[in-house]
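S.K.: The numbers in the numbering used here rise by one with no breaks, and the one at position 560 of the sequence shown is 581.
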Amino acid sequence: MIAPLRTIRFIPLFALAVLLPNAMAQSEAEIKQKVFEKVFGDAVRLDKQMYEKVLAADAGVRHYRDTDGDGQPDEVWFIDTALRHPDRYKPLLVRAIDEDGDLREGDEPDIDSDLYIADWNADGTVDAVLDYTDVDGDGDLDEMGKFFYGGTHSYFNEPVIRIWWSRDIGDDNLLWHDVGYTYDQNLCQYRTHFGGDEELIAFALPLSGDKWIPFFENPFLFYDHDHDGVTEEVLRMSGIADEVECIRHSFDADNDADWESPRDFDVSLTGWAQGAPWPWTNENRGRSELKFDDRFTETLEIRGIPTGPFLRHDAAPRFAQPVVWERLMLTWDEDDHNVDGQRYDDHEERWEGIIAQGNDDFPQVGGPSCGVFNKRYELIMKPEAPAWLYYHPTDHRLHLFDADSAWMEVDYDFDRQADMRYTMTDSDNNGEIDTWELDIDNDGNADDRWQAGKAETYSVGWNWPEINSAVTSVRRDVLMGYLRLHQRLIEAYVSDSTKIGAFIYDAIGEITAPEGSQLPIERWLQLKLINSDESVAYFAGVLNDRMIALLKKAYTDKKEFWARFNSARSDGDLAAMSRIVEEEWLLKKDLRIADYDALQEIRTGHRPEAIAWAHDWVPPNIGWESEKIAYRVYWGQFDFFGKKGDNLIYPNIGSQSYHDEMDWGIDALNVAKSPGCGGVTLYVNGEAYPVRNPAGEGDIDFTKKLISIDRNKVAIELLGKGVGPKANPYTVQFHCSIERGRYDSQFEVLVTGGSANDTLEMGIGFTRLPQEDLLLNTSAGVFGSWGVQTPVIGPIGMGVAYPAQRFQRLTSLEDEHQVVLSIENGKPLVFHIQCDWLRGHRFDRSPSAEDWLKQLEMLASEVMK
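1. Would you report the Cα separation of Val-744 and Ile-844, rounded to the nearest angstrom?
2. Using the three-state DSSP reduction, which class does Cys-209 fall into: helix, strand or coil?
3. Which residue wins for smallest C-alpha separation from Leu-162, given the options Asp-144, Val-481, Trp-186 and Asn-142?
4. Pull up the distance between the alpha-carbon of Arg-105 and that of Asp-722, whole angstroms please.
5. Would you list the one or two residues that DSSP bridges to Pro-327?
6. When you compare each of Ala-80, Val-602 and Arg-567 to Phe-582 by their alpha carbons, which one comes out closest?
7. Could you tell me if Pro-94 is buried or exposed, where buried requires 16 or more neighbouring beta carbons within 10 angstroms of its beta carbon?
8. Would you mind working out which of Gln-47, Trp-197 and Gly-216 sits nearest Arg-866, comparing C-alpha positions?
9. Enumerate, from N- to C-terminal direction, the unbroken alpha helix (DSSP H) stretches of 4 or more residues contained entirely within the region 582-644.
10. Between which residues of its own chain and Lys-232 is the CB-CB distance below 8 Å, once the five residues before and five after are set aside?
11. Taking all protein chains shown into account, do 16 or more other C-beta atoms lie within 10 angstroms of the C-beta of Ser-480, making it buried, or fewer, making it exposed?
12. Would Phe-402 be called buried (16 or more neighbouring beta carbons within 10 Å of its own) or exposed?
13. Excluding the five sequence neighbours on either side, which residues of its own chain have a C-beta within less than 6 Å of the C-beta of Ala-870, listed in chain order?
14. Would you call the region 698-711 and the region 667-675 touching, i.e. three or more CB-CB distances under 8 Å?
15. Asn-239 and Ser-259 look like a contact to me (Cβ under 8 Å); what is the Cβ gap, rounded to whole Å?
16. Looking at the unbroken alpha helix (DSSP H) that takes in Glu-835, where does it start and where does it end?
17. By Cβ distance, which residues of its chain are closer than 8 Å to Pro-343, with the 5 residues on each side in sequence left out?
18. On the DSSP letters alone, give me the boundaries of the alpha helix (DSSP H) that Ser-556 sits inside.
19. Our contact map puts Gly-292 next to Ile-268 with C-beta atoms below 8 Å; I'd like the distance itself, whole angstroms only.
20. Assuming contact is defined by CB atoms lying nearer than 8 Å, are Val-75 and Phe-99 in contact in what I supplied?
21. Using 8 Å for Cβ pairs, my map puts Asp-857 next to Ile-817. What's the rounded Cβ distance?
22. List the endpoints of the continuous beta strand (DSSP E) containing Val-280.
23. The alpha helix (DSSP H) with Thr-493 in it runs from where to where?
24. Near Lys-886, what residues of its chain come up, given a Cβ to Cβ distance below 7 Å and the 5 sequence neighbours on each side ignored?
25. Using the Cβ count rule (16 or more neighbours within 10 Å means buried), how would you classify Asn-43?
26. CA-CA distance, Ile-138 and Leu-151?
27. Tell me the DSSP secondary structure of Gln-93 in three-state form.
28. Since I believe Ala-822 is in contact with Val-884 (beta carbons under 8 Å), could you give me their beta-carbon distance rounded to a whole number of angstroms?
29. Flag this pair as yes or no: are the beta carbons of Arg-827 and Ala-631 separated by less than 8 Å?
30. Express the C-alpha separation of Leu-572 and Lys-580 in angstroms, rounding to a whole number.
31. Hey, could you find the ends of the beta strand (DSSP E) Val-701 is sitting in?
32. Looking at C-alpha atoms only, which residue of Trp-409, Val-360, Glu-399 and His-413 is the closest neighbour of Gly-388?
33. Start and end of the alpha helix (DSSP H) containing Ile-52?
34. Just the C-alpha distance for Asp-566 and Gly-392, rounded to the nearest angstrom, thanks.
35. Which residues bound the alpha helix (DSSP H) around Asp-872?
36. According to DSSP, is His-756 helix, strand or coil?
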């Protein structure tokens, strides 16, 4: 048995500064200031007069400064009051320097080419610098750097400034979240993208140095092979300068990650380089023998200072693939639950890939690890060739060729104790596993043993396309095979449970049970497991093996049956195994889950509540929401609530304060007298009649009601009577609805009454923002805006997808912008409103107006067919 070893983290630790011999009189604060000035010069020397002015003013007030006398501000200073910043940084003084010339008085600094200098606790010293860079001049983010003081590291023996540097290779404008303008793993990792096609590298610049030295993350690379915006491959090289000490290379083998759950890695290889220092012994081995080949590297300049070479994003897998590592370990996340399985501090899927837990024969690289339970480990002590996999039909798994040992500890009831243990061996030393042993009570003694049959294995290269093909080609058939066998084994088991013993465990029954499940797991985990083909197949499979072992003990006399069953098992023939059990126990009961559609139906029945509505919490409000976003209307003015995650706010809206940012989100639009987001103006013969009563003042008679609600959709009605000319008034009826999982709300607007001779048009309006970009695509039928109304709310988007053939014109008024469409009396106009609050994004650094336009165009292509 391989015992766990203490965690060895290959991540930078902030050491206490050791003062240089020629600077013994300098304080740590003075040395820190010096290393920041080495890179940023005057930018990190905080002007005393501005500093005092900011502190004397109310927190949050923006102070603009024109340093070059051109009449346009190029800096803005403020105390940042955003909720994301922890109290330990407050008051947080910020000096934002505009580096692309687009700052205007009253505007917020942007996050494409501005530099942010942060002074924690406003004590007059710089603590962090955040640098956003638009490399190609297209107005969106391309590169990002987080600079911080690194103390005195033992490798450099002098103070260093450190940087986490990242590049958005896939151009999706999503990089790093921050708190306090720096990176805090616990607070930032979930909201930092680490996805698509990206890279990050850690550099250090010594106080006396002239070059950024690659340092630990060297590099960390993310690959999106199918161009869906979600990473399928992540590769982490660790070393210093041009030396590689270890690698961790992970894949989303079955490609089941999506935009809602963008991290879902299944397998990793962790390798230790020849000659690299052993971190788990005191052996002095010198330096790594594995160096970067110049053919695969690049260099760049960061703030005018050159870097050392690092692996290119496109070339790194080609560099790593042929390496023969000194030691190599495969880790497979069998239960599809790649979370902190070491400290149990977090239940989010890890972005780094699969971090193997260390053991006596292999150190842990990074942390926290995925833990030991429900993870399969395979280890080569002295590889003779590059990594290679093979598919084994006996257990329907991919294995590491030439592994010296392979094992898996099972915790099927999630009590963090091992319930079972698999040991897999290669008895004939041909490089492939041929024997499985199962200890069903984890007492160290095998209770069952089986061997590979005549079905042949086949090789699978260590690359995503081959692994993905091998896994997905059999996944669904294997899943259904395990489920069918599971039911038949349970039926055989309970036919004489007194003979077999007390154990009975219906894995699928427990996982798919309502909230009364006997499993000691929280509801969120139960829902996660049931919705994963991997986890359902895994738990059905391991509990099948447990029941088989128990049945063998109970029915030793069924020799002919076991001979037939064992033969089918050796070949991995799940259908034959089920049929043999059915024949022996005369089982004819219909299968509970006969096909994949039946499993999907069970999953659908377990979906959480995602629809709600409310009215009159403050008359005359009526609101409707999905778990993604909430809309409301009052007096014909439409508003929206931005959310930070999937939740429903209307069940408790009466007790909510929502004009400042809350843990769940914020009222993301100040409507004032405007139409808000989707309010309309009726044009009768060219004359405008706004369909609203701002502040309740106006002649329109509004009524409202709920039309319908179920688990998947809610619809409300707003009815406005007395719109338009007094002699021939109109009635405007809104039917507004939203569906589970959606951000857009369908509006069906019907205009009736008036005069048959009138020419009618309808203007769909959005509140005019002080700082905004207007977006229009008439051929797609899209209009929207992206901008900032107040610093408290931050960037928002508003948009509409409409029938393109109805477009008449775009109109801008004092407090709104309108897209004007043709309409007909008595015939409904259908359009879709969609709004967005940037700070509610999981990944909020930093979508642009162009990205918002793309979202609206995608909406139009979907709903305006």
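Heads up, the beta-carbon is just placed ideally off N, CA and C, and yes, glycines get one too.
None of the values given here were measured: they were computed from a predicted structure.
M.R.: If we stick to the structure as given:
1. Walking along the sequence shown from the start, residue 744 turns up at place 723. Walking along the sequence shown from the start, residue 844 turns up at place 823. Taking the straight line joining both Cα atoms gives about 15 Å.
2. Along the sequence shown, one-based indexing puts residue 209 at 188. Here Cys-209 sits in helix by DSSP.
3. For this step, residue 162 is matched to residue 141 along the sequence shown. When each option's Cα is compared against that of Leu-162, the closest is Trp-186.
4. Position 84 of the sequence shown holds residue 105. Position 701 of the sequence shown holds residue 722. Each residue's alpha carbon lies about 42 Å from the other.
5. Residue 327 sits at position 306 when you count from the first residue of the sequence shown. For Pro-327, which the question treats as bridged, DSSP gives the partners Glu-322.
6. Start at 1 with the first residue of the sequence shown, and residue 582 comes out as number 561. The residue with the shortest Cα to Cα distance from Phe-582 is Val-602.
7. On the sequence shown, residue 94 is found 73 positions in, with the first residue counted as 1. By the 10 Å Cβ count, Pro-94 comes out buried.
8. As a working note, residue 866 is residue 845 in the sequence shown. Measuring from the Cα of Arg-866, the nearest candidate turns out to be Trp-197.
9. 595-606 and 617-625
10. Indexing the sequence shown from 1 puts residue 232 at position 211. These residues qualify, in order along the chain: Leu-226, Ile-326, Pro-327, Thr-328 and Gly-329.
11. Residue numbering aside, residue 480 sits at position 459 when the sequence shown is read from its first letter. So Ser-480 counts as exposed.
12. Looking up residue 402 in the sequence shown gives position 381. Checking the displayed sequence, the identity of residue 402 turns out to be Met instead of Phe. Within 10 angstroms of the beta-carbon of Met-402 lie fewer than 16 other beta-carbons, which makes it exposed.
13. As a working note, residue 870 is residue 849 in the sequence shown. The residues are Asp-794 and Trp-807.
14. no
15. As a working note, residue 239 is residue 218 in the sequence shown. As a working note, residue 259 is residue 238 in the sequence shown. Indeed, because the Cβ distance is near 6 Å, the residues count as touching under 8 Å.
16. By one-based count along the sequence shown, residue 835 stands at place 814. First-last for Glu-835: undefined, no H or E at that position.
17. Translated into positions along the sequence shown, residue 343 becomes position 322. Cβ neighbours of Pro-343 beyond the five flanking positions: Pro-407.
18. Walking along the sequence shown from the start, residue 556 turns up at place 535. For Ser-556, the enclosing alpha helix (DSSP H) covers residues 554-575.
19. Along the sequence shown, read from residue 1 onward, the residue named residue 292 stands at position 271. Along the sequence shown, read from residue 1 onward, the residue named residue 268 stands at position 247. With a beta-carbon spacing of about 5 Å, Gly-292 and Ile-268 fall inside the 8 Å limit used to define contacts.
20. Position 54 of the sequence shown, counting from 1, holds the residue named residue 75. Position 78 of the sequence shown, counting from 1, holds the residue named residue 99. Contact: yes.
21. Translated into the one-based positions of the sequence shown, residue 857 becomes position 836. Translated into the one-based positions of the sequence shown, residue 817 becomes position 796. Confirmed, Cβ separation roughly 6 Å.
22. Translated into the one-based positions of the sequence shown, residue 280 becomes position 259. The sequence shown places Trp at residue 280, not Val. No beta strand (DSSP E) contains Trp-280, which DSSP labels as neither H nor E.
23. What you label residue 493 is simply residue 472 of the sequence shown in a count that begins at 1. 485-493 is the span of the alpha helix (DSSP H), which, as asked, contains Thr-493.
24. Translated into positions along the sequence shown, residue 886 becomes position 865. If we look at Lys-886 and ignore the five residues flanking it on each side, it has no Cβ neighbours.
25. By one-based count along the sequence shown, residue 43 stands at place 22. Because Asn-43 sits at a pLDDT of 43, beneath the cut-off of 50, its placement in the model cannot be relied upon, and the following sentence gives the value as read from the coordinates. Exposed, since its Cβ has fewer than 16 Cβ neighbours within 10 Å.
26. As a working note, residue 138 is residue 117 in the sequence shown. As a working note, residue 151 is residue 130 in the sequence shown. Between Ile-138 and Leu-151, the C-alpha separation is close to 7 Å.
27. Walking along the sequence shown from the start, residue 93 turns up at place 72. Residue state, collapsed to three classes: coil.
28. For the purposes of this step, residue 884 is taken as the residue at position 863 of the sequence shown. For the purposes of this step, residue 822 is taken as the residue at position 801 of the sequence shown. Correct: roughly 6 Å between the Cβ atoms.
29. Working through the sequence shown from its first residue, we reach residue 827 at position 806. Working through the sequence shown from its first residue, we reach residue 631 at position 610. For Arg-827 and Ala-631, no; Cβs fall outside 8 Å.
30. Position 559 of the sequence shown, counted from the first residue, corresponds to residue 580. Position 551 of the sequence shown, counted from the first residue, corresponds to residue 572. Taking the Cα positions, Lys-580 is about 12 Å away from Leu-572.
31. Counted from its first residue, the sequence shown places residue 701 at position 680. First-last of the beta strand (DSSP E) with Val-701: 698-705.
32. Position 367 of the sequence shown holds residue 388. Looking only at Trp-409, Val-360, Glu-399 and His-413, the smallest Cα-Cα distance to Gly-388 is reached by Val-360.
33. The count along the sequence shown starts at 1 and reaches residue 52 at position 31. Segment 49-61, the alpha helix (DSSP H) holding Ile-52.
34. Looking up residue 566 in the sequence shown gives position 545. Looking up residue 392 in the sequence shown gives position 371. Looking at the two C-alpha atoms, the distance is approximately 22 Å.
35. To locate residue 872, count along the sequence shown from 1; it is residue 851. Counting along the chain, the alpha helix (DSSP H) containing Asp-872 begins and ends at 870-884.
36. The residue labelled residue 756 in the question sits at position 735 within the sequence shown. Three-state DSSP puts His-756 in a strand.
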